Each structure stands twice: as structure tokens, then as C-alpha cells.
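Accompanying notes for the structure given below.
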Amino acid sequence: MLFRSDSFTIPKNEYAAIDALVSHHQRVLLVQATGWGKSAVYWVATRLLRDEGSGPTLVVSPLLALMRNQVAAAARAGIRAATINSANLDDWSDIESRIDADELDVLLISPERLNNPRFRSEVLPALAASVGLLVIDEAHCISDWGHDFRPDYRRIADVLAGLGDGVPVLAATATANARVEADVATQIGSDTVTFRGSLDRPSLHLAVVPLADSAQQLAWIRGWTAQRPGPGLVYCLTVSEAERVAAYLVDHGVRAAAYTGSTPAPERERIEAALDDGSVSCVVATSALGMGYDNPDLAYVVHLGSPSSPIAYYQQVGRAGRGRVDAEVVLLPTAAEERIWAYFDSTSMPPRRTVEEVLRVLERSGPCTVAVLESQVNLRRGRLEALLKILDVDGVVDRDGSEWFRTAAPWVHDEERFAALAAARRAEQEAMRGYQRTDGCRLQYLRAQLDDEGASVCGRCDRCTGRAPEVAVDPAAVDDATRFFRSAQVPIEPRKQWPRRFEERRGNIPPDRRAEEGRALAFGTDPGWSEVLGPLFEGPDAPPTDELVRGVAAALKAWPWGRRPTWVTWVPSRTRPLLVHGLAERIASIGGMELVEAVVRTRPDAPPQAEMDNSATQAANVIDAFTFGRPDGGALPAGPGLVFDDALRSGWTMAVVAEGLRAAGAGLVLPFVLWRRP
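Numbering (our numbering), first residue to last: 21 to 698.
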């Protein structure tokens, strides 16, 4: 027997989950492959429960794309749905009124709404008490063992506690191994019923294509996308790389667009619609386009760089092949992927001493904003905000408006659990290395990593067939990609305001004491010059190579400065003095500029800037760390000066150096660094 509507069909074997929700009002965990139709289960359950007189369904959904698609799917099924999220603030009041009037069948909210004090206090209690069905979509986000743990999801415990008697709960995900499955099931209720299906995806043809460097990879992607009408996705690991790859493809005639966490919500909607209607053939995306995007015609997914987890990889490739017989899935491993994994590892739960420092400041200072708190602890803004969310959910801190304060609840650092989480992340990374080099079936490998007991040989991947995707890499295209990567402009915006912790340096940095906009040769892990700089920075200090000097000279030539520099100096490096001084010396010689030793380090024992984690501590570490002027006491040149440094993270070293040079009589200060670090 089948349930039919205008938009979906529910086969008999899916009735078990619907029956558990509607007939028995149970708490259900549904683990099924991407594209299986989990959302259809809760649309059917919603319709049946509403027909029985139950209250509306509340869906907690993590991404705007997911919510937009679900609202559209609900409308096609005759279900009245609306969403409250950061992209529709103007609609909130009207939607809340429709909830009060029982004019909505489904309300979709982001987990961030659960962390909004007004929503929690004014809207959620009444809503939770009237809900007829609670749905937790992408439920692996509840578990800190999951690949996409989000602290705001922990607030779902408050919703669960406020539900009326006998209200059914559905938690749904496609990306849960046995550990995540058990954790989620425990969190939603001790009597949770779990339905787990096969994670096979018969439409996917998986392959790995190892190439020597980024230029070859970009040339390969250019050829791949040019030969395929799409629609397709190319995933990148960073925002800057996604934007750069999309720009390159557009320059070479591919109808491409970039979609990242930095893309405004209206533009995201436009790009999704353009990919759906064929006006865009390829979207180059970060993981911001993932869960919930549903295009049945998606023909391929290419990854430029590997996600750090087989579970995350399975989730992303699951965008493809939903309505097609065949979909191609290709991974291009990159040299930078492991550095990117390490960076994201560093943003996880801070060490015990750092958490204790945050709590001590809150106890000592009383309620304070994130900006004030950041000025007093060595933790960057993003990590601090994430930590406060975790402590908030645990009841250790709370907030009143924008100010955070310490509660009376005790805090215990679960060292054993955090160590186990770190070990699990390392194991997942090793599993992705294993996926790249396995001699066996790739889909079977992924399914095994998700503890799919039915994992078997697919017969379709490159290992099973012995055939790799055939795209010729044109040497001329490789040369073109190399030039493209290495010609990228990397601006450095000058610091304009001192951190609030410095009494003697309050407010704006005067314009006549600031650096001008500067340039960097390379940014982060972006391909091109970063691949040249990596070995130089990781190996012993040495003078700059001719290749590097030519690259710096070309970047300087492309710099649209208003006035040409007349002299050159450098920031003394404690780790790469031969590289930095040698570069300043050679560029001065090439440009016919005076070389001046104008910056002297006076605190060689200060900690490295890399150990300083936020703006305030980075500024404090370099203020009063240098003296400025000629060794003989003579005046500095009045013309614009070019200042070299090896790397830049926060920009405070260059801000302090520019202030000191300007105060010592120098003219405009033009910063140039080899590597702009994220």
C-alpha cells in the first residue's frame, strides 16, 4: 500500500516510522541515506496529526537552504509552513501571530533561534506546549561526536522538556555512525525507537583523481565543467578558494557562481534558483551549501580538497544523483587540506586553563559584552562566542541582552570526553586518508565508516571498474592556472582603532599614524604562492629564491599605489631573518630604492604572535616591542616607505611599526608581507 500526494509517494516500508509517530506518539530516530525522503515522513505525519486535531509541527532545521526547500515542499503537499530565521526578520511578528491563531501547520526555525533570549522567553514556552510534533532535522548536529556539532542544538533539550504529554518526536539524519546514533537517541528520550536503513546510493559513481598541484587541479576542473552541462557542484574547503575558483571558471566561459558562508541570503536564494533552472551550470561552494539543498538533476559533485570526515563527505556527495540514473562524484586531494583540518581542529573546545580564565573574568568583572571579555582573555572572537554558547547551554553562564554573566552553576572540565573527541577527529581524518588510498570499493568504504552493516561492493566506482574519470589536463591550461593563482591581489587593510584595553591608546589611530593599505603575496592556504612559501616557512631560514623575488616584484608592480615608494625597511624576524632582510635588500636594489634599517626589536623574549589568540593580546604583545629611526640618529626619508614582514595575522605588528615610523618622521608606510594568515 502507498500513501500518495502531489509531491511524494511513501512506500509501505516507510510506514513504520509514520505509524510510530502518528499511532503511538513515540520518539523516533530515523537514519536513512541522503535522498531517501525523510522529510516526506514528517510531512505525512504532520498532515495526519493535524487532521486528528493536533497542534502544529515544529521543525528545527540548520540551514536556510534546507528551510526554503522544505517550505516549498510543504506548500506543494497542501501544508501551511513558514520559517523564522535570520533572513526574514521583518516577517517574524506576522508569523508569530499566525502561530497564535493556529493558521500554520509547520513552523521551521534555525537552532540559533533557540539561543535567542526573547524567542526562548516569549515565544517558545507557549509554542512547545501546543506543538503536535517536534522534528529535529539533521539530528547529528545534536551530538558533539557528529561531524557538524552545533552548540545551539543543545537547546532542543529545553523544547523537549516543555512538550505536552504524548507529543511525538522525530530526529532525522543521513550521517550518523553507531556512536552518533546512540548519543542522539539517548538525548531525545530513553524510549526512542530507531529506524536505520541502508546507506547505499546506487546512482553515485565515486572516484579519486590525484594531481600534482593546485594549477593542475584547477585546469582539470576547468576541463571537467566545460565538458558537462551540469548542473553540478564543486566543493572547496575555504571561502577564498571557492570565490577564486568560481571567478576562474567564469573567466573561461563556464556559467559558474560562488556560494559560501559569506554569501548574503538573497544571493544564496538567487544562486540556488539559477542552478535549478539551468541559468547556472556549476556552483562552487563551501559546506554552506550542503544539508537540505535538493536538486534531483544534480549530475556531479567534485571536491577540491577533502573534508576531514568520511561522514561529512558522504553527506556532501549525497547532494547528487537524487533523480538521475547516474551521477559522478570525484575527489581531488590537495596539499593544503591537512593544514585546513588542523586549523579547524584549533577552533574546537579551548583547553581547561582558557575556560577557567574566561570564567574568572566574568566572576571578577560581572556582566560584560563579548568585546569587553575578549579584551581580557587570550581567545579570539569566534572561539570565545562558541565557548560562551557551550557554557550557556550547560547553565554555567547566562546573558542579559548583550552582556554575559557567570551563574552559580558549577563547571567541571570533562577532560576525558574532550580527549576522546580529539581522538575521534584524528581517526576520522585518518579514515579520509584511507578513502583516498583504498584499493577496495569506495562506496563500501564510506558506508562502513558510517557503520552501515549492509555495506557491500558497489560495482560502479573507479576501484570497482578500474576506470578513472577521463579529463585531459592541457599543459597550456596548467600554465594559465598558475598565472591566475599567482596574480591574485591580496590587500591588507590597516588597523584604524586600538583595542579598548589600552588606556593610553584609546579610540581611533590618527590617520597620520596609520599604515596605508598594504599587500600580501599569498593568503592562507590558497593555492599559488602559498605552495611556494610552505616549504620556505617550514624549513630552515634562508635568503629568498629568485622565483620568490620575481613574484614579489610582480605583485609590487601590480599594486596601484598613489605614490611610488622611495625607500625600503623591514620588520626584524626572529625566525626568518635571512628571508625577510634578504627580500628587502633585493627589492630595494631592483627598484633603485634606499635600504634603511629603521626598525629594531627591543623585546626579543616576547612570545611569538602566533601564541596570541585575539586582537587585544596580539596588540599588547607588540606595543613597545620596537624602536624606530636610523642607527646614526638621522632623519628617516620623508617619501613613502615600503615595509617588509614575513607573515601577518592580526595586523597589529604592522600597525605598531607604522605608528612608530610615522612618529619618527617617516612619510607614508606601505606594508608588504609574504603570507597573510587567516
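Note that the Cβ used here is the ideal one computed from N, Cα and C, for glycine as well.
None of these values were measured; they are calculated from a predicted model.
| Item | Value |
| --- | --- |
| Ala-319 vs Gly-250 beta-carbon contact at 9 Å | yes |
| Nearest to Leu-411 (by Cα), restricted to the options Ala-444, Ala-439, Arg-372 | Arg-372 |
| Opening and closing residue of the beta strand (DSSP E) in which Cys-256 lies | 252 to 256 |
| Under 9 Å between C-beta atoms of Met-87 and Leu-144 | no |
| Distance between Glu-423 and Leu-183 (C-alpha atoms, nearest Å) | 29 Å |
| Cys-161 - DSSP class collapsed to helix/strand/coil | helix |
| Pair within 9 Å by beta-carbon distance, Gly-544 and Ser-550 | yes |
| Inside the region 323 to 353 only - beta strand (DSSP E) runs reaching at least 3 residues | 347 to 352 |
| Beta-carbon proximity list for Arg-696, same chain, < 6 Å, skipping 5 on both sides | Val-510, Ala-540, Phe-543, Leu-668 |
| Close beta carbons around Val-413, own chain, < 7 Å, minus the five adjacent residues each side | Pro-171, Arg-174, Arg-175 |
| Local Cβ density within 10 Å of Leu-22, reported as buried at 16 or more and exposed below that | Confidence is the limiting factor: at Leu-22 the pLDDT is only 40, short of 50, which leaves the residue's position unreliable and the question unanswerable from this model. |
| CA-to-CA distance, Arg-264 to Leu-553, given in whole angstroms | 19 Å |
| Length of the line joining the Cα atoms of Val-61 and Phe-139 | 28 Å |
| Whole-number beta carbon distance between Val-155 and Thr-77, since they are thought to touch under 8 Å | 6 Å |
| Arg-446, buried or exposed, once every other Cβ within 10 Å from all chains shown has been counted against 16 | exposed |
| Cβ neighbour criterion (16 or more within 10 Å) applied to Phe-692 | buried |
| Contact set for Ala-305: own chain, Cβ-Cβ below 8 Å, skip 5 residues either direction | Leu-253, Val-254, Tyr-255, Cys-256, Ala-262, Ala-278, Tyr-279, Thr-280 |
| Range of the contiguous alpha helix (DSSP H) that encloses Ile-410 | 401 to 413 |
| Strand pairing of Leu-50, partner residues [DSSP] | Ala-192, Phe-215 |
| Of the residues Gly-612, Leu-599, Ala-655, the one placed nearest Ala-618, counting alpha carbons only | Ala-655 |
| Separation of Ala-675 from Asp-164, as counted between CA atoms | 39 Å |
| Limits of the alpha helix (DSSP H) - the one that Arg-445 falls within | 435 to 457 |
| Presumed contact (8 Å Cβ cut-off) between Leu-466 and Pro-330, rounded CB distance | 5 Å |
| For Gln-46 and Ile-38, the rounded distance between their alpha carbons | 10 Å |
| Paired residues, beta bridge with Arg-394 - DSSP | The sequence shown places Glu at residue 394, rather than the Arg named in the question. Per DSSP, none; premise fails for Glu-394. |
| Span separating the alpha-carbon of Thr-258 from that of Val-303 | 14 Å |
| Distance CB(Leu-309)-CB(Ser-301) smaller than 9 Å | no |
| For Tyr-173, the three-state DSSP class (helix, strand or coil) | helix |
| Leu-598, enclosing alpha helix (DSSP H) - first and last residue | 597 to 611 |
| Stretch pair the region 501 to 521 + the region 647 to 661: three plus CB contacts closer than 8 Å | no |
| Backbone secondary structure at Arg-462 - three-state DSSP | helix |
| Alpha helix (DSSP H) segment containing Trp-112, residue limits | 112 to 120 |
| Tyr-279 - containing beta strand (DSSP E), residue span | 276 to 279 |
| Helix, strand or coil at Gly-554 according to DSSP, with G and I counted as helix | helix |
| Residue span of the beta strand (DSSP E) that contains Ile-512, given as start and end | 510 to 512 |
| Asp-566 versus Val-432, Ile-610, Val-591, Pro-547, residue with shortest Cα-Cα distance | Ile-610 |
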